[in-house]
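**Q** The structure under discussion is supplied below as structure tokens; questions concerning it will follow.
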DNA sequence: GATCTCCAGTCCGTATGCAAGATACAGGAA
DNA sequence: TTCCTGTATCTTGCATACGGACTGGAGATC
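Chains as they are written, first to last, in my numbering: chain A, 1 to 225; chain B, 1 to 225.
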């Protein structure tokens, strides 16, 4: 028998979750914005049940905050949050790169180059949101090739916040894309050459500089989008 | 006004989640056992809604597997799973210890000593399950004092599986508790002395030896409890 | 005996209804 | 004016109902 398997249609919960996740990440909603289950269910054309379940999942990803009997809100990062998130992100990414290098170097390098090309394209001809999305894809490559599902899961658990911060906070910064692009090139070079220590320090610089930028924006009045 | 605040009663979802989590971790249910929402809701005396939500959360912790339209099952680890989990656990714990050492050394040390004493007590006078629980508490100390919520969250995301493996797989092994206890003592000593490299290697040995033990049990026929 | 078909039982996905807590605001008392 | 209080209206928490999808087995067919 040939393989005729069809993929399952996504459940409403999954659809709603993805839709809301994108809305938050792409800054269609501001930090702290209120989300009523009923209003959402009406806007999305489904009942409250799948909306409710999707919100519960998003809470576990840190993208929304559910306050019992009060309401659900888009997450609102504090400076401290962002700092801890960046430190954690660095831990995960540096470990993932280590695993990539020792286990799937060629495949990872190829994927990184593809992602880099997409970033260049977005920088040249796309919007800043396009660039932010391509940036997100680049960093996901590490985890797709690291060969450890748990590492990937842990990253997925924070990737939403990371991506949201990227869009909300770095998109408006002038010159940020160009600096970021240069650092990504350096990372790929170091990876290709197998210089792990260099890679680590570039990654560290990359993430911590992003943190600085975010902190500045946060201090100067929160969500600018 | 004196502080009269009352704590919120836990939601049914939280209660059900905790109850099921404990049931799985304490090996009241075997790996792969089937969990019907309806049967659970009846057994727990609540409706299907909170049960359903609790199961969704447990899935994200990797403790159950939900197969659409078929049913929900207690997770069933493969050898590969366990290997990846151990590697990941080592990554998280070593990072957490590093943070503890640099940020909250005294408090962490005190808490580790407390946890160690509880383990000794369980080893001397408790059941093997008691020891397993005390072991779990010991490792949680790292994350309570590491000062990074994201690191703690990531650990919580796998701690259920770790704890479940501990109970299901290591409880039946002869002499395992004593070896484990000795290693924990070594860890605390190294931490107290600030010997980070030693600490790392002890932790690595500790986790990887546990992995060996689990793998043996798994190969010899799965869940023995 | 092997295979197919149908059916009953079980499970989940979703919609909806009701109850209870939280909040905002108007209106009255000091 | 200022403070308190009752109430309308919002929110979520949970229960329940219905329908579709899947599974396993009895019986028919070859």
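We treat Cβ as the ideally placed atom computed from N, Cα and C, and that holds for glycine.
Only a predicted model underlies this, so the values are computations on that prediction, with no experimental measurement involved.
1. Mind pulling the chain A residues with CB within less than 9 angstroms of residue 43 of chain B?
2. Is the CB of residue 88 of chain B under 8 angstroms away from at least one CB in chain A?
3. Could you compute how far the alpha carbon of residue 176 of chain A sits from the alpha carbon of residue 142 of chain A?
4. Output, in sequence order along the chain, the residues in the segment 175-188 of chain A whose CB is closer than 7 angstroms to any CB in chain B.
5. Looking at the structure shown, is residue 78 of chain A part of a helix, part of a strand, or coil, going by DSSP?
6. Output the distance between the C-alpha atoms of residue 131 of chain B and residue 219 of chain B, rounded to the nearest integer angstrom.
7. Between the alpha carbons of residue 201 of chain B and residue 59 of chain A, how many angstroms are there, rounded?
8. Taking the CB atoms as reference points, tell me whether residue 67 of chain B and residue 35 of chain B lie closer together than 8 angstroms.
9. Report yes if the CB atom of residue 154 of chain B is closer than 8 angstroms to the CB atom of residue 190 of chain A, and no otherwise.
10. Quick one: does residue 149 of chain B have its CB under 8 angstroms from some CB of chain A?
11. What is the residue span of the alpha helix (DSSP H) that residue 217 of chain B lies within?
12. In terms of residue numbering, what span does the alpha helix (DSSP H) encompassing residue 65 of chain B cover?
13. Are three or more beta carbon pairs between the segment 21-33 of chain B and the segment 70-87 of chain B nearer than 8 angstroms?
14. Note down, one range per segment and in chain order, each beta strand (DSSP E) of at least 3 residues found wholly within the segment 72-150 of chain B.
15. Specify, as a first and last residue, the run of the alpha helix (DSSP H) that residue 31 of chain A falls within.
16. Around the C-beta of residue 178 of chain B, are 16 or more other C-beta atoms found within 10 angstroms, so that it is buried, or is it exposed?
17. Classify residue 9 of chain B: buried if its beta carbon has 16 or more other beta carbons within 10 angstroms, exposed otherwise.
18. Does the beta-carbon distance from residue 150 of chain B to residue 88 of chain A come in below 8 angstroms?
19. At the 8 angstroms Cβ level, is residue 17 of chain A part of the contact set with chain B, yes or no?
20. At what residues does the alpha helix (DSSP H) containing residue 52 of chain A begin and finish?
21. Whole angstroms is fine: what's the gap from residue 1 of chain A's alpha carbon to residue 11 of chain A's?
22. Does the segment 88-100 of chain A touch the segment 155-163 of chain A, meaning 3 or more C-beta pairs lie closer than 8 angstroms?
23. May I ask you to list, following chain order, the residues of the segment 119-144 of chain A that have a beta carbon less than 9 angstroms from some beta carbon of chain B?
24. Which chain B residues sit within Cβ distance under 7 angstroms of residue 85 of chain A?
25. For chain B, check one thing: does any of its Cβ atoms lie closer than 8 angstroms to the Cβ of residue 82 of chain A?
26. If residue 180 of chain B sits next to residue 135 of chain B, beta carbons under 8 angstroms apart, how far is it from one beta carbon to the other, in whole angstroms?
27. How about residue 91 of chain A: is its C-beta nearer than 8 angstroms to some C-beta of chain B?
28. Cutting at 8 angstroms between CB atoms, please list the residues of its own chain near residue 109 of chain B, excluding the five before and the five after it.
29. Applying the criterion that 16 or more other CB atoms from any shown protein chain within 10 Å of the CB defines a buried residue, is residue 84 of chain A buried or exposed?
30. In angstroms with no decimal places, state the Cα-to-Cα distance between residue 98 of chain B and residue 182 of chain B.
31. What's the C-alpha gap between residue 184 of chain B and residue 24 of chain B?
32. Would residue 67 of chain B pass as an interface residue toward chain A - the criterion being a Cβ-Cβ separation below 8 angstroms?
33. Which residues in chain B sit within 9 angstroms of residue 113 of chain A, going by Cβ to Cβ distance?
34. Just the Cα atoms here: how many angstroms apart are residue 70 of chain B and residue 121 of chain B?
35. Thinking just about the alpha-carbon of each residue, which of B:102, B:144, B:128, B:127 is nearest to the one in residue 231 of chain B?
36. Taking the CB atoms as reference points, tell me whether residue 137 of chain A and residue 164 of chain A lie closer together than 8 angstroms.
**A** The answer reads as follows:
1. Residue 43 of chain B sits at position 43 when you count from the first residue of the second chain. Those do not exist, as residue 43 of chain B stays about 22 angstroms from chain A at its closest Cβ, beyond 9 angstroms.
2. For the purposes of this step, residue 88 of chain B is identified with residue 88 of the second chain, where counting begins at 1. True, the Cβ-Cβ gap to chain A drops below 8 angstroms.
3. Indexing the first chain from 1 puts residue 176 of chain A at position 176. Indexing the first chain from 1 puts residue 142 of chain A at position 142. Going from the Cα of residue 176 of chain A to the Cα of residue 142 of chain A covers about 22 angstroms.
4. none
5. Counted from its first residue, the first chain places residue 78 of chain A at position 78. Residue 78 of chain A: coil per DSSP, three-state reduction.
6. Your numbering for residue 131 of chain B matches position 131 in the second chain. Your numbering for residue 219 of chain B matches position 219 in the second chain. Between residue 131 of chain B and residue 219 of chain B, the C-alpha separation is close to 24 angstroms.
7. As a first step, residue 201 of chain B must be located in the second chain, where it is residue number 201. As a first step, residue 59 of chain A must be located in the first chain, where it is residue number 59. Straight-line Cα distance between these residues: approximately 36 angstroms.
8. As a first step, residue 67 of chain B must be located in the second chain, where it is residue number 67. As a first step, residue 35 of chain B must be located in the second chain, where it is residue number 35. It is not a contact, given that the beta carbons lie outside the stated cut-off.
9. In the second chain, the residue the question calls residue 154 of chain B occupies position 154. In the first chain, the residue the question calls residue 190 of chain A occupies position 190. Taking a C-beta distance under 8 angstroms as the contact criterion, residue 154 of chain B and residue 190 of chain A do not qualify as a contact pair.
10. Taking the first residue of the second chain as 1, we reach residue 149 of chain B at position 149. At least one chain A Cβ lies under 8 angstroms of residue 149 of chain B.
11. Along the second chain, one-based indexing puts residue 217 of chain B at 217. Counting along the chain, residue 217 of chain B sits inside the alpha helix (DSSP H) bounded by residues 196-219.
12. As a first step, residue 65 of chain B is located in the second chain; it is residue number 65 there, counting from the start. It is not in any alpha helix (DSSP H) - residue 65 of chain B instead sits in the beta strand (DSSP E) that spans 64-67.
13. yes
14. none
15. The residue you call residue 31 of chain A lines up with position 31 of the first chain. Segment: none, residue 31 of chain A is in no alpha helix (DSSP H) and carries neither H nor E.
16. Working through the second chain from its first residue, we reach residue 178 of chain B at position 178. Classification of residue 178 of chain B: exposed, given that the 10 Å Cβ count is below 16.
17. Taking the first residue of the second chain as 1, we reach residue 9 of chain B at position 9. Exposed, because fewer than 16 other Cβ atoms sit within 10 Å of the Cβ of residue 9 of chain B.
18. To locate residue 150 of chain B, count along the second chain from 1; it is residue 150. To locate residue 88 of chain A, count along the first chain from 1; it is residue 88. In contact: residue 150 of chain B and residue 88 of chain A (Cβ atoms closer than 8 angstroms).
19. In the first chain, counting from the first residue as 1, residue 17 of chain A sits at position 17. Chain B contact via Cβ: absent.
20. The sequence position of residue 52 of chain A within the first chain is 52, counting from 1. Element bounds for residue 52 of chain A: 48-60.
21. Your numbering for residue 1 of chain A matches position 1 in the first chain. Your numbering for residue 11 of chain A matches position 11 in the first chain. Any reading at residue 1 of chain A must be qualified, since the residue scores a pLDDT of 48, below 50, and its modelled position is unreliable; the value itself is stated next. Whole-angstrom Cα-Cα distance: 28 angstroms.
22. Under the three-pair Cβ rule at 8 angstroms, the segment 155-163 of chain A counts as touching the segment 88-100 of chain A.
23. none
24. On the first chain, residue 85 of chain A is found 85 positions in, with the first residue counted as 1. Residues of chain B passing the Cβ test: 150.
25. In the first chain, the residue the question calls residue 82 of chain A occupies position 82. No, its Cβ sits nowhere closer than 8 angstroms to a Cβ of chain B.
26. Working through the second chain from its first residue, we reach residue 180 of chain B at position 180. Working through the second chain from its first residue, we reach residue 135 of chain B at position 135. Between residue 135 of chain B and residue 180 of chain B the Cβ distance is about 7 angstroms, and since that is below 8 angstroms, they are a contact.
27. Taking the first residue of the first chain as position 1, residue 91 of chain A is located at position 91. So, interface residue.
28. Numbered from 1 along the second chain, position 109 holds the residue referred to as residue 109 of chain B. Closer than 8 angstroms at Cβ, skipping near neighbours: 188, 191, 192.
29. Here residue 84 of chain A refers to the residue found at position 84 when the first chain is read from its first residue. That one is buried.
30. Here residue 98 of chain B is taken as the residue at index 98 of the second chain, counted from 1. Here residue 182 of chain B is taken as the residue at index 182 of the second chain, counted from 1. Distance between the alpha carbons of residue 98 of chain B and residue 182 of chain B is about 21 angstroms.
31. Here residue 184 of chain B refers to the residue found at position 184 of the second chain. Here residue 24 of chain B refers to the residue found at position 24 of the second chain. Going from the Cα of residue 184 of chain B to the Cα of residue 24 of chain B covers about 25 angstroms.
32. For the purposes of this step, residue 67 of chain B is taken as residue 67 along the second chain, with counting starting at 1. Against chain A, the CB of residue 67 of chain B has no partner CB under 8 angstroms away; the residue lies outside that interface.
33. For this step, residue 113 of chain A is matched to residue 113 along the first chain. Ordered by position in chain B, no residue passes the 9 angstroms Cβ test against residue 113 of chain A, which lies about 26 angstroms from the chain.
34. Numbered from its first residue, the second chain carries residue 70 of chain B at position 70. Numbered from its first residue, the second chain carries residue 121 of chain B at position 121. Cα to Cα, residue 70 of chain B sits roughly 44 angstroms from residue 121 of chain B.
35. Outside the modelled stretch of chain B, which goes from 1 to 225, sits residue 231 of chain B, for which no answer is possible.
36. Start at 1 with the first residue of the first chain, and residue 137 of chain A comes out as number 137. Start at 1 with the first residue of the first chain, and residue 164 of chain A comes out as number 164. Contact: no.
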